Every structure is written in C-alpha cells, then in structure tokens.
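Residue numbers (the working numbering): 143 to 858. Since the structure comes first, as structure tokens, the remarks are kept for the end.
Shown next as structure tokens:
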C-alpha cells in the first residue's frame, strides 16, 4: 500500500503546473530540439558549392565550345570568309534563302517600322500576290536579329551574314547547355551532362539540321524548347524549394512563349508534351497541381501568340488548345472518392475517356467556327503515314532517398520516359522527326548510366546480397560514364579534329553565273518561273520577283508550285505557256538536275510524281536488251476521290520530314501514254511549236533560261 500511495503522489506531482523556470527551460529545450535544425558542416556546404560551380562551368563551357565548333566547321566547309557576297548567299538553299533575304530587306529599310510594314504588305516577292511574310513564314527571328544588329552597333564591326549565323550558332550552344542541365537535374551528377553533350555531337547528323540549313525555323526554336524542358524537369522535382519553383516557372513560361513564336509547328511538339504530362498526372502522383500550372502556361502562350501573330487561327484550332481545355474542364469535374478503391479506378477510366472525347469535340467545334487554312498539309501528311508504375493512390514520400531504390517515383523521370517514347513512336512513322527525338535519347542514356538511383533500383530488383547495392551503385555511376567518356574521346575526338582541319570547298559556278546574268541582263520588272527552291535563291541573290516560293502553309502557293512544276511533265507547249502567262512570268528556268534526275528509288522522282498525277505512263527504259515500263511509283500521296489530281502538292517538302514526297497507285488506276514529250526535253530542241512560245536567251551546264514570248509567231 505504501508503494502504491507513493506512486500516486508522484503521479499527482507530474500533473501539477510547472514553475516559470521549468517552463522557460522546457521552451528553450523545445526550440533547440525542433525549431532550429542542425546546420550542415562547413565542408558539406563547400562540397555542394564546388559541385554546383563545376557543373555550371562545364555546362556553359560545353555550350560555348559547341557553338565555336559549328562556326569553325561552317567556315571550313564553305570557305566562307574567302567568298564574295553572292557566293555566300548561294549556300543558303531553298526556304533558308527566303528567310535570309527578308533579314537583308529589314536591314535595308529606312526604319524598323517601315521594314515591318513592307514585310506584312509584301507585293514585291511573288507575282500577282500580296502576302504577310511575317505571319506566313514566321519571320520573328529575322525581325529580332535585324533589331539587335542595328541596336548594338554591330553594323560597324561585323558583316550582316556573320551576325545572323552567329546568333543561330549561339542558340545551338544554348541548346546543348540546356540538354546538359536537364541530364544533370535527372541524374544528380554533371557527368551525365558531359556524356549527353558528347553523344549529341557524335550523332550530329541525327540531332540537328544546322549544317546545311542554318536559317531553318527549328534551328531558332528548338533551343528554347530545350530550355523549357530543363525548366520543366526542375519544376517537377519533389524536393524543390519555393524560390527554385518560381524560377523554373518563370523560365518555363518565357521559353514556351518564345518557342511558339519562333516556329509555326511548335504547338504540335507542345501537344506531345501535354499528352506526356497528362499521362504523368494519370499516375496519381503528387505533382498534379504543378502539371495543371503548366497547362495554364500553354493557354497563356497560345492566346498571346494568337494576338501577336496577327490573329493566327492555326493556334486556335491546334490540338494543344483542345487538349488543355479538356484537361482543365475534367479537373473541375473530378469527384472526390477515396483513393485506391474500385470506384476510384472506374472514375479514373471515365476521366481518361472524357479528356480524349472533349479534345476531339473541341477540335471539331473550333475548326467549324474558326476559319483556318494553315498547317492543313501536316494533318494530311500524318493521315497518309498512319493510314490513319502505378501507385494505387498511395502518396509519395516527400523525398526519395538513394537507399529506397525507387526511381519510378520521381515525376520528372516518368515524364521524360513518356515524352521520349512518344517522340520515338512518331520518329518511326516520320523519319524527319528523328532529329527531334535523338537528343532526348542521348539525354536519357546518359542519365541511365550516371544515375546512382537507377543502379540501386536495378540491384534491388536483382536482389544482390554479397555487395551493398548503394555502394555498388555509387561506384558504377562514376566508373561506367568515365569508361564510356574515355572510349568516346579516343574514337571520335580525332574525327572531329579532322573535320576542322580539312578545308572543303563549296563549288557551284553554274548558279553563280546564272545569278550574275539575271542581275546584269534581265529587266528589273522581270518575273521568273522555275522550281520553288531555285526561286528562293533568285529572290535572295537578285531581288527579282518570282512566281512561287518554297512555302507550304499557303494553299495558293502550293497550287502554284504544282502548276509551275508542270514544265517537267508531258504537257504541250501551249499548256505550259498558258500556265506561265497566268502568273505573269517573263522568264522560265529549266534545271537539268530535275529534268534528267536519276533517282535511286524509281517512282519518287519529280517527273514520276508528275506523270502519275497527270495519269501518264513513265518513259520506257531498256534493261537487258528489252524495253520495260518504268516501275510503278512506290511512294504515297493522298488523292481526291475523282480523277487523279493530288489533294496536296506532289512536290511539297514537309518542314518536319526529309522524306521525298510520295504517290500511291491503287488497283484500278489506268495510266495512258501522253502524245506529248516531256516539256523540259522538247523545249531544248528548238523546233515548232516550242520556239513559237519560248526563246532561249541563256544557258550553261545546269540551267536553261527561256524568255516567254509576248507575241506568238507560229512557224512551220
């Protein structure tokens, strides 16, 4: 009893209020234990600072070295500094020539405002047509470059062409730096960034088209997309602090808008990214609110781009806008049900169905009520080509440690895997998309060999017991990239140095002679007709008016291109004359390279496409002593239901594809022999009726120039 009584007294004493001194000491003890975290040792802070400093230095250095490498390689390839201005401009081919020509026009304008007005009301490029070149050709890079060139006083230091290509090379350096940073954020080590850059440069043919088409829109735009992906990677990380989130959000907003302004096809790539984020959100991960913040960035960029791109209706009918609107609407309709239950799974399936149904519905509605013509060829192209770790609702840990070996719970990693798979799927369908996909394959591969978490996850799956998995993962994440890096250095570095030491020469005297003749002999008001690619060069090098351009977002120009290309078909002289005079052409240029083209894949040559489009049989060719009909075209092009008229231009070179345009022959198609010879051959012979309509005024080994007679004199 005494013991129990003593215990009761002690218990009562514990419940008694403490004195003020006891309270203060307890309070101080609580503050020491809870509110004030233990500061990391100084050497830990120094280690972190050194890691960040070395990584940032390596990232910036990689970008600068890549930009310098591109500049040196371009100089060696074209011997650029030793060329005259005309020879330099000839190196810009096709649509690249058009972009650079408008940059030159902006520099010649008396003021920026006047230059913009002349571009938006341009009637000096294409005969019988006034175009808004800024909108139709996305000339915002040229506007920015011209402003920077004059505002910085560079006109007194550097030639315009060097300033222009220097900006593009600098953007490519930013592209590489952004890939470096993204891989670093994913793996936690800057060694992954170094490996990413190495693989990017080694696979340069599949990662960029900068070597032979500098002014292309994607060369201006993709660096901004790489910055956006880097910012998105950091933004999706679970352990990011508030200031880091704000920085990533602002960078992501700015780069998304700039990407959309630089390239007319940017919203398609952002659509794939939005699909990736939607699938990421479907995993019920903790970053759902962040994903929906990204959707808001898409909407803001789309509408701001719509306003500043002269009310570009292509952005309003884009699948990106429809998908984001559907996602945000479904988000508000979601029912709060206990996660992990059967009902929650059913609702998730319903939400998935609603998103895609609403996306299609919104797209149809917008295309019904919003007049649009832009980018229609992209959808037709896809129609031809296509023939048309679950958590079960469990919340993620705030931070996933290395020992956990749960790399699949990091949302930024899941996003990159999904995004790369989607890009890869489209790259298998459209070969030209390979240069969009390959950089991210390099980045994921570098992450895979450099990430200790990924190695730890792998070893936990394998259930290693002899060696501690974390120790082995840390060792391999350092050793494997080092070995790979040394082997790449030994094998490929000498090749890169050889490329820079070899002096190549861009030799095209026939084109130089043609441009010189036009500038000296042709009237200023003359209008030239020929292939769109050559017309782009004529616009840049001479400034003369042309009948067509390598521009594929305008239905009228697509039709013009197809009609002008009839000079390589089996049509009569009278038919060709009517076509050319309908566009007020004064001179016709026939290219031997097209007329006498010998393609490795028969059926994909320009003249083959023309024959099929016109319902004509190809030429007979002798093989093994016997005459045989040229093989049936094996490529693919959509056609209208009636006749053999192609629904889209047979000569359209898609901006996203380097694959030649294609034609499909269906069973039941009947081809007939044309009673006319191929025009480009017959006009060279100088006999009636061709000489009645056309007079040859200049020729060299590659080009034949004919004056289109205004008065027809029929000769026997």
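Built from N, CA and C at the ideal position, the CB exists for glycine as well. Fair warning: this is a prediction, and the values are worked out from it, not measured in the lab.
- Looking from the CA of residue 212, the closest CA among 445, 671, 840 and 353 belongs to 353.
- Around the Cβ of residue 662, a 10 Å sphere holds fewer than 16 other Cβ atoms; the residue is exposed.
- Counting only runs of at least 3 residues, the segment 388–429 fully encloses no beta strand (DSSP E) element at all.
- Taken atom to atom, the span from the alpha-carbon of residue 260 to that of residue 451 is near 16 Å.
- Per DSSP, the unbroken beta strand (DSSP E) holding residue 732 starts and ends at 729–733.
- Straight-line measurement puts the Cα of residue 406 at about 33 Å from the Cα of residue 225.
- The continuous beta strand (DSSP E) containing residue 840 extends over residues 836–841.
- Of all alpha-carbon atoms in 681, 835 and 747, the one lying nearest the alpha-carbon of residue 721 is that of 835.
- One alpha carbon belongs to residue 655, the other to residue 823, and they sit about 22 Å apart.
- With fewer than three CB-CB distances shorter than 8 Å, the segment 259–275 does not count as touching the segment 335–345.
- Pairwise C-beta distances place the segment 629–647 out of contact with the segment 662–672, as fewer than three of them are shorter than 8 Å.
- In the DSSP assignment, residue 311 falls within the alpha helix (DSSP H) that extends over 302–329.
- Residue 434 is not bridged by DSSP to any residue.
- A Cβ-Cβ contact shorter than 9 Å links residue 321 with residue 338.
- Restricting attention to 468, 243, 847 and 257, the CA atom closest to the CA of residue 826 is found in 847.
- Cα atoms of residue 685 and residue 625: separation of roughly 55 Å, rounded to the nearest angstrom.
- By the neighbour-count definition (other C-beta atoms within 10 Å, threshold 16), residue 570 is an exposed residue.
- Taking all protein chains in view, the Cβ of residue 255 is surrounded by fewer than 16 other Cβ atoms within 10 Å, so the residue is classified as exposed.
- For residue 701, the enclosing alpha helix (DSSP H) begins and ends at 697–706.
- Per DSSP, reduced to three states, the secondary structure at residue 211 is helical.
- In the three-state reduction of the DSSP assignment, residue 712 falls in the coil class, being assigned neither a helical nor a strand state.
- Annotation for residue 849: the continuous beta strand (DSSP E) segment containing it runs 845–850.
- Ranking 816, 717 and 393 by CA distance to the CA of residue 759 puts 816 first.
- The shortest CA-to-CA distance from residue 279 to any of 696, 755 and 757 is the one to 696.
- When rounded, the separation of the alpha-carbon atoms in residue 839 and residue 746 is 31 Å.
- Taken in chain order, the complete alpha helix (DSSP H) segments of 4 residues or longer contained in the segment 240–282 are 254–262 and 275–278.
- For residue 373, same chain residues with a beta-carbon under 6 Å away, outside a window of 5 residues either side, are 390, 393 and 394 in chain order.
- The C-beta distance from residue 232 to residue 653 rounds to 5 Å, short enough to meet the 8 Å contact threshold.
- Three or more Cβ pairs closer than 8 Å define a contact, and the segment 409–419 meets that threshold against the segment 455–470.
- Between the alpha carbons of residue 430 and residue 423 lies a distance of about 6 Å.
- The alpha-carbon of residue 465 is positioned some 11 Å away from that of residue 412.
- In the three-state DSSP reduction, residue 342 falls in the helix class (H, G or I).
- Secondary structure of residue 684 (DSSP, three-state): coil.
- The alpha-carbon separation between residue 564 and residue 474 amounts to approximately 27 Å.
- In this structure the segment 359–368 touches the segment 306–326; the number of beta carbon pairs closer than 8 Å is three or more.
- For the pair residue 705 and residue 309, the Cα-to-Cα distance works out to about 37 Å.
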